[in-house]
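S.K.:
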Amino acid sequence: MMDAMNPGKENIPLKINPELGRSIFGTNAQAYHQARPGYPARVFEILQTTCGADVDVFEIGPGTGQATEPLLDYGCRVTAIEPDERLAAFLDVRLKKHAARLTIDRHPFEDIELPAGSFELGIAAMSLHWLSPEIALAKAFRLLRSGGKWAMWWTVFGDPDDMDDFQRQTQSLFKKIGAQSFTPVAGWTPFALERDKRLAELEKASFTETVYEKVRWSPVLSTRQVLELTATFSPVARLPEIERVCFLDDIARIAEREFNGSVRRNFVTAIYTAHKP
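The sequence shown: position 277 = 277 (the UniProt record's numbering), numbered continuously.
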């Protein structure tokens, strides 16, 4: 999901600098891994149906391996392209048991040199928005074999079409820090849910058989889980420490006072799949 900032101009989401986006999540890899929920099972059902198991996969921006590990468990051979050395090191240790089928490339995707037509599947989970989609998708297309598949997806932590009570009650807090992604406004759609734009980008890169699906899911989170997840959102993580602590204290008070420490959230995961002829 694209986090967005809005310093002083109403309803105009401003993207966070991509360089910051590529570095902020590795500050505490263990905390990030514990806080971020995995992806709904439907995502992996789609991957297995379209691509099968035991295939060669490249992954753009694996982070701590929430998509990487299930693919390895399915028997895939994965080249994980992670430019943040801290995240790459964490991934290396955490998935050591899969070392024979996991290669970690520590270069930015734009700079890697891999043979064209080497992979049957390419994926980007919660990462493509930190790159130029046009450049990244063209390169992804080249890396795939003829007949190869591509999948990209994002989870939006607050369904704009079905706002939950917690999101309503915390909107004003997120608005104060310019977190537009969590304070939906008329006329603006999160990056992940801009269906026509994302499909057009895939088609421009010469992909065919493009498919879009929204997966809605509603986890129940404890106050601790709410705080840990919220702390990983880039508009929150980039706050000065005192402001961040105060912000999270306010979030905790709402979770405890209004929801008794049991918060049902409405999330939506948008997944796009495509085919290389």
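Every residue gets a Cβ at the ideal spot worked out from N, C-alpha and C, and that includes glycine.
Which of the three DSSP states is assigned to residue 129 in this structure?
M.R.: helix
S.K.: According to DSSP, simplified to helix, strand and coil, what is residue 206?
M.R.: If DSSP states are grouped into helix, strand and coil, residue 206 belongs with coil.
S.K.: Thinking C-alpha only, which one of 144, 265, 230 and 235 is nearest residue 251?
M.R.: The shortest CA-to-CA distance from residue 251 to any of 144, 265, 230 and 235 is the one to 230.
S.K.: For the beta strand (DSSP E) containing residue 56, name the first residue and the last one.
M.R.: Counting along the chain, the unbroken beta strand (DSSP E) around residue 56 starts and ends at 56-60.
S.K.: For residue 166 and residue 265, which I take to be in contact (beta-carbon distance under 8 Å), what is that distance rounded to the nearest angstrom?
M.R.: The beta-carbon separation of residue 166 and residue 265, rounded to 6 Å, stays under the 8 Å limit for a contact.
S.K.: Have a look at residue 51 and residue 170 and give me their C-alpha separation to the nearest angstrom.
M.R.: 40 Å
S.K.: Excluding the 5 residues preceding and the 5 following residue 199 in the sequence, name in chain order all residues of the same chain whose CB lies nearer than 8 Å to its CB.
M.R.: Result list for residue 199: 210, 212 and 272, in chain order.
S.K.: Between the C-alpha atoms of residue 130 and residue 154, what's the straight-line distance to the nearest angstrom?
M.R.: 12 Å
S.K.: Can you list, in chain order, the residues of its chain whose CB lies under 8 Å from that of residue 106, leaving out five sequence neighbours each side?
M.R.: 82, 83, 85 and 88
S.K.: Quick one: grab the DSSP three-state call for residue 200.
M.R.: It is helical.
S.K.: Going by beta carbon distance, what residues of the same chain come within less than 7 Å of residue 69, once the five residues before and after it are set aside?
M.R.: Once the five neighbours on either side are set aside, the close Cβ partners of residue 69 are 95.
S.K.: Look at the Cβ atom of residue 141, then the Cβ atom of residue 207, and state whether they are nearer than 8 Å.
M.R.: Against a cut-off of 8 Å, the Cβ pair of residue 207 and residue 141 comes out as a contact.
S.K.: Can you give me the C-alpha to C-alpha distance between residue 270 and residue 61, rounded to a whole angstrom?
M.R.: 17 Å
S.K.: DSSP puts residue 275 in a beta bridge; with which residues?
M.R.: 149 and 208
S.K.: Taking the C-alpha atoms as reference points, what is the distance between residue 176 and residue 227?
M.R.: 17 Å
S.K.: Roughly how far, in whole angstroms, is the beta-carbon of residue 268 from the beta-carbon of residue 43, given that I think they are within contact range, below 8 Å?
M.R.: Wrong, their Cβ atoms sit about 12 Å apart, outside the cutoff.
S.K.: Between the beta-carbon of residue 36 and the beta-carbon of residue 72, is there less than 8 Å?
M.R.: Not in contact: residue 36 and residue 72 (Cβ atoms no closer than 8 Å).
S.K.: What whole-angstrom Cβ distance do residue 123 and residue 59 have, given they're in contact under 8 Å?
M.R.: Contact between residue 123 and residue 59 holds, since their C-beta atoms are separated by about 5 Å, short of 8 Å.
S.K.: Which residue or residues does DSSP assign as beta-bridge partners of residue 81?
M.R.: For residue 81, which the question treats as bridged, DSSP gives the partners 60 and 105.
S.K.: If you compare alpha carbons, which of 189, 132 and 139 is closest to residue 160?
M.R.: Checking every option, the nearest Cα to that of residue 160 belongs to 189.
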